[in-house]
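K.L.:
In the working numbering, the protein residues as written are 7 to 336.
Here a beta-carbon is modelled for each residue, glycine too, at the ideal position from N, C-alpha and C.
1) Looking only at its chain, what residues have a beta carbon closer than 8 angstroms to the beta carbon of residue 95, apart from the 5 residues adjacent to it on each side?
2) Anyone know if the C-beta pair for residue 177 and residue 166 falls short of 8 angstroms?
3) Answer with buried or exposed for residue 259, where buried requires no fewer than 16 other C-beta atoms within 10 angstroms of its C-beta.
4) Which term fits residue 244, buried or exposed, when burial requires 16 or more other beta carbons within 10 angstroms of its beta carbon?
5) Within a Cβ cutoff of 7 angstroms, which residues of the same chain sit near residue 28, ignoring the five residues on either side of it in sequence?
6) Could you tell me the distance, in whole angstroms, from the CA atom of residue 292 to the CA atom of residue 266?
7) To the nearest angstrom, report how far apart residue 125 and residue 163 are at their CA atoms.
8) Alpha carbon to alpha carbon, how far is residue 242 from residue 51? Give it in angstroms, no decimals.
9) Does the separation of the CB atoms of residue 224 and residue 173 fall below 8 angstroms?
10) By Cβ distance below 8 angstroms, which residues in the same chain neighbour residue 298 in space, the five residues on each side in sequence not counted?
11) Can you list, in chain order, the residues of its chain with a C-beta nearer than 8 angstroms to that of residue 158? Leave out the 5 residues immediately preceding and following it.
12) Please identify the residue among 78, 63, 58, 60 whose C-alpha is closest to the C-alpha of residue 183.
13) Mind checking which residues open and close the alpha helix (DSSP H) that includes residue 302?
14) With DSSP as the reference, label residue 110 as helix, strand or coil.
15) Just the Cα atoms here: how many angstroms apart are residue 86 and residue 65?
16) Determine the closest residue to residue 71 out of 93, 142, 62, 179, with distance taken between C-alpha atoms.
17) Three Cβ pairs or more, each shorter than 8 angstroms: is that satisfied between the region 226 to 241 and the region 53 to 61?
18) Between 322, 264, 112, which has its C-alpha nearest residue 45's C-alpha?
19) Can you tell me the Cα-Cα spacing of residue 161 and residue 257, whole angstroms?
20) Please name the residue in 21, 193, 49, 229 whose C-alpha comes closest to that of residue 312.
21) Could you tell me the distance, in whole angstroms, from the CA atom of residue 99 to the CA atom of residue 113?
22) What does residue 241 pair with, by DSSP beta-bridge criteria?
23) Which residue marks the beginning of the alpha helix (DSSP H) containing residue 200, and which one marks its end?
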């Protein structure tokens, strides 16, 4: 596979500061080959037979009401049904991923994956079937002892914790329904447990970044608070996707998106999207409850979106014109 000399950054939407990489000592060669592909596939516009990563929303239930979260926005207008994926559905999805060569699954989207009673089984089943990298995004409020160790013991590879501020008042504004103290205790406990017994699990902390300088200050404070404990600290800008009634963003010549080349997003409502910012299901390419994943990936809708991006024509896609990703700066 060609080396990436295009200057393309497959993770432009996430700014990450690496602190510790000891967990890498416990990863297989297959993991590092997968991560190389993660960069090279979008950078070199390589079309694969199946996505490298599949995002699976196992539930749209969440115990918080964070104001910036798409779930909260949807809940306020009656669009959340509080569904849970069944074991039969989940195992079918994992089996398809393994059959066609997916390397990673990420349990996340609008819901809190730890709200699902089967979350430990979700991790265990995926690992037993051969998924190389199993990731969970969590607000960590439910990451208590009785659930923390079973998750690690099941083989969880990467834990991404949303932690949006160090100041208790700002944290309370961002993470409505919990307190900073609860989350600090839970995170500290699982970090200690990881260090003692499960060193192969990578623990990342991520915040939502806004334009105001105080949020940059919060990120700097997070480095002091967590810098000796977690493996990396990062932030993603709050996603801005303009409404259909608004003027689109200006076109960025030569830009293309990595997501349609790397992943597919499976939502609990059955809809399959090409990217995680598609909170209103505007770029739906299939239904995972009715179609096989490989057919969706290689279907006309998904293939056309990949083609438009790789040919430098992303701006012809109405929803992509309203996405902020082309304008994110390093």
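P.N.:
On the basis of the supplied data:
1) Within the chain shown, the letter at position 89 stands for residue 95. Answer for residue 95: 295, listed in chain order.
2) Indexing the chain shown from 1 puts residue 177 at position 171. Indexing the chain shown from 1 puts residue 166 at position 160. The answer is no: Cβ separation not under 8 angstroms.
3) For this step, residue 259 is matched to residue 253 along the chain shown. By the neighbour-count rule (16 or more Cβ atoms within 10 Å), residue 259 is not buried but exposed.
4) On the chain shown, position 238 is the one that residue 244 refers to. So residue 244 ends up on the exposed side.
5) Within the chain shown, the letter at position 22 stands for residue 28. Excluding sequence neighbours, residue 28 sits near 205.
6) On the chain shown, position 286 is the one that residue 292 refers to. On the chain shown, position 260 is the one that residue 266 refers to. Between residue 292 and residue 266, the C-alpha separation is close to 14 angstroms.
7) Position 119 of the chain shown, counted from the first residue, corresponds to residue 125. Position 157 of the chain shown, counted from the first residue, corresponds to residue 163. Taking the straight line joining both Cα atoms gives about 14 angstroms.
8) Translated into positions along the chain shown, residue 51 becomes position 45. Translated into positions along the chain shown, residue 242 becomes position 236. Going from the Cα of residue 51 to the Cα of residue 242 covers about 24 angstroms.
9) Locating residue 224 in the chain shown gives position 218, counting from the first residue. Locating residue 173 in the chain shown gives position 167, counting from the first residue. Yes, the Cβ-Cβ distance between residue 224 and residue 173 is below 8 angstroms.
10) Mapped onto the chain shown, residue 298 falls at position 292. Closer than 8 angstroms at the Cβ level, and outside the excluded window around residue 298, lie 102.
11) If you number the chain shown from 1, residue 158 lands on position 152. Result list for residue 158: 196, 199, 200, 203, 204, 207, in chain order.
12) Within the chain shown, numbered from 1, the residue matching residue 183 stands at position 177. Taking only the C-alpha atoms, the option nearest residue 183 is 78.
13) Position 296 of the chain shown, counted from the first residue, corresponds to residue 302. It spans 299 to 303 - the alpha helix (DSSP H) in which residue 302 sits, taken as one unbroken run.
14) Counting from 1 along the chain shown, the entry for residue 110 is found at position 104. Strand at residue 110.
15) Here residue 86 corresponds to residue number 80 of the chain shown, with the count starting at 1. Here residue 65 corresponds to residue number 59 of the chain shown, with the count starting at 1. Taking the straight line joining both Cα atoms gives about 10 angstroms.
16) In the chain shown, the residue the question calls residue 71 occupies position 65. Nearest C-alpha to residue 71: 179.
17) no
18) By 1-based counting over the chain shown, the position of residue 45 is 39. Cα-wise, what sits closest to residue 45 is 264.
19) Along the chain shown, read from residue 1 onward, the residue named residue 161 stands at position 155. Along the chain shown, read from residue 1 onward, the residue named residue 257 stands at position 251. Each residue's alpha carbon lies about 43 angstroms from the other.
20) For the purposes of this step, residue 312 is identified with residue 306 of the chain shown, where counting begins at 1. Minimum Cα distance to residue 312 is reached at 49.
21) Within the chain shown, numbered from 1, the residue matching residue 99 stands at position 93. Within the chain shown, numbered from 1, the residue matching residue 113 stands at position 107. Each residue's Cα considered, the two are about 12 angstroms apart.
22) Within the chain shown, residue 241 is the residue found at index 235, counting from 1. 21, 213.
23) Stepping through the chain shown from its first residue, residue 200 is reached at position 194. Its alpha helix (DSSP H) spans residues 186 to 203.
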